[in-house]
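Letter 19 of the sequence shown, counting from 1, is numbered 24 in my numbering, and no numbers are missing.
The next block holds one structure in the form of structure tokens; read it before the comments.
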Amino acid sequence: MILSRTDRSPVATWWWTVDRWFLSAFLMLMGLGIVLSFAASPAVAERIGLESFHFVTRQIVFMVPAVLVMIGISFLDQRLLRRVALLMLVGSLVLMVATLFVGMEAKGAKRWIHIFGLSIQPSEYMKPAFVVVCAWLFAEHSRQPEIPGNLFALILLGLVVALLVAQPDLGQTILILGTWGAMFFIAGMPWLWIAVLGGFGVVFGLAAYTIFPHVAGRIDRFLTGEGDTYQVDMSLEALTRGGWLGQGPGEGSVKRILPDSHTDFVFAVAGEEFGLILCLLIMSIFAFVVLRGLAIARRDDGDDFTRYALSGLVMLFGFQSIINMGVNVNLLPAKGMTLPFISYGGSSLIAMAISMGFVLALSRKRPERRRAVSLTTLPDGATTVS
């Protein structure tokens, strides 16, 4: 079906206004996620007694609604987008509180909750909604300084950080703090705020190191190389064996003994089987999304909300990918964080689809406002344009 530019139907309007570069990048990452699921997950499934393609099947099943959700959200205008984000934020915060009491505990943390037979990680859905709502608060303060939008955004940050620390999930906490700080900086953060929040960040880091033994252990292992560094060591071994062109599809051997090869360390599997070439391609796609998003946000000078929200969402996307890949190559302390659209995980995949649906909605081309033109007749019969 060919859509004409003169067609004013919702689908045709969406097709001619959506950023197809973004759309192509997201679909490419989703496709790579399925390919790498075939490469990484069968060994894990067999090791824990499941059918070989258990995780592959589930990844494909989750991918279908993810694509539909992403495209569906991209149809939203700004007003509906803010309403959806606000409702999603409230719902996810309520579920995060519930998770502390009735959630599943794994490795000493409560991050998951069962709803209608599905396991959901509410913090994943909180992230894009949090960014959009904070962008709206920053924009309202920029438009009307008497509105304490910055203060409300700070209070909201404190609530979110408190819930994440209570789980505990220090990785997501750092991700949220970094994204919020970058958005606040773009919104014109005063130097006093920079100093105060920077000091708070240092105190938070020291407190996390002191209070949480697992945080101290990960940092110590990263700095000294002593202790249980098995997964990181195997990740580096996989990347080394892959070289430039890789061992070939299905020929990887290190992936068979890498416990989280289908989730946190799927990037290492990509390197072992398809080589550094594919790793560079994946990194390039992530970089393209972030840089294009920031470029579009920078051009949208007349709309503070779009600028802040679009910048925050692509930085959230970029920071999460940097953390995952940094852990895989031992440039950052180990932290369980998925690689957007590529790692296995239903909550992560659907939540990221929502986030990038927001990006597609915000980056859609909008008709330029045309100045109203009126003709005024002068006493001498001439006309003037006003």
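Ideal Cβ positions, reconstructed from N, Cα and C, are used throughout, including at glycine.
7 Å Cβ shell around residue i - same chain, five flanking residues per side excluded
i	result
Met-213	The sequence given here has Ala at residue 213, not Met. Closer than 7 Å at Cβ, skipping near neighbours: Leu-175, Val-220.
Asp-408	Because the chain here runs from 6 to 391, residue 408 falls outside it and cannot be looked at.
Val-69	none
Ala-377	Confidence at Ala-377 is low in this model, with a pLDDT of 38, below 50, so its placement is unreliable and the value that follows should be read with caution. Around Ala-377: no qualifying Cβ.
Met-101	Pro-127, Ser-128, Met-131, Leu-168
Gly-81	Residue identity check: residue 81 is Leu in the sequence provided, not Gly. Closer than 7 Å at the Cβ level, and outside the excluded window around Leu-81, lie Val-89, Ala-366.
Pro-218	none
Ala-30	Ile-290, Phe-293, Val-294
For residue i, three-class secondary structure by DSSP
i	result
Leu-286	helix
Ser-352	helix
Ile-393	What is shown of the chain runs 6 to 391, which leaves residue 393 out entirely.
Ile-125	strand
Gln-236	helix
Phe-217	coil
Leu-98	helix
Phe-270	coil
Ser-379	Note that Ser-379 scores 42 on pLDDT, short of 50, meaning its location in the model is unreliable; the coordinates nonetheless yield the value given after this. Of the three classes helix, strand and coil, the one that applies to Ser-379 here is coil, per DSSP.
Trp-249	coil
Val-332	helix
Asp-309	helix
Met-342	coil
Glu-373	For Glu-373, the predicted model reports a pLDDT of 46, less than 50, meaning its position is unreliable; a value from the coordinates is still stated below. In this structure, Glu-373 counts as coil in the three-state DSSP scheme.
Pro-153	coil
Arg-10	coil
Val-23	coil
Ile-224	helix
Pro-173	coil
Gly-230	coil
Ser-258	coil
Ser-147	helix
Ser-46	helix
Bridge partners - residue i, DSSP secondary structure assignment
i	result
Lys-115	Glu-110
Residue i and residue j closer than 9 Å at C-beta
i	j	result
Met-320	Thr-184	yes
Ala-71	Met-35	yes
Val-74	Ile-290	no
Gly-38	Ile-347	yes
Val-237	Asn-329	no
Asp-269	Thr-343	yes
Arg-84	Asp-309	no
Leu-159	Val-138	no
Ser-266	Val-23	no
Gly-393	Ile-125	Absent from the model: residue 393. The displayed extent of the chain is 6 to 391, so no value can be given.
Leu-416	Ala-171	Within the shown structure, residues of the chain are numbered from 6 to 391, placing residue 416 beyond reach of any answer.
Lys-260	Ala-17	no
Phe-143	Ala-192	yes
Ile-287	Ala-275	yes
Chain-order list of residues whose beta-carbon lies under 6 Å from that of residue i (same chain, five-residue window excluded)
i	result
Ala-273	Ser-240, Ala-243, Leu-244, Asn-333
Arg-87	Trp-141
Ile-216	none
Arg-369	Thr-22, Val-23
Cutoff 8 Å; reference residue i; Cβ partners in own chain excluding five residues on either side
i	result
Phe-227	Asn-335, Leu-337, Pro-338, Ala-339
Leu-3	Summary: the structure shown does not reach residue 3, with the chain confined to residues 6 through 391, and so no result is reported for it.
Leu-123	Gly-351
Check: residue i C-beta below 8 Å from any heavy atom of the ligand ZN
i	result
Ile-359	Among the ligands in the structure shown, none appear at all, so the ligand ZN cannot be discussed.
Inset, instruction - For the stretch 58-65 and the stretch 283-298, state whether three or more C-beta atom pairs, one from each stretch, are separated by less than 8 Å. - result: no
Legend entry - Inter-stretch contact at 8 Å, needing at least 3 Cβ pairs: the stretch 250-257 / the stretch 270-289: Touching, yes, given that three or more Cβ pairs across the two stretches are closer than 8 Å.
Inset, instruction - Evaluate contact between the stretch 351-370 and the stretch 226-237, counting only Cβ atoms and requiring at least three cross-stretch pairs below 8 Å. - result: no
Legend entry - Meets three-Cβ-pair contact criterion under 8 Å: the stretch 201-212 and the stretch 314-328: no
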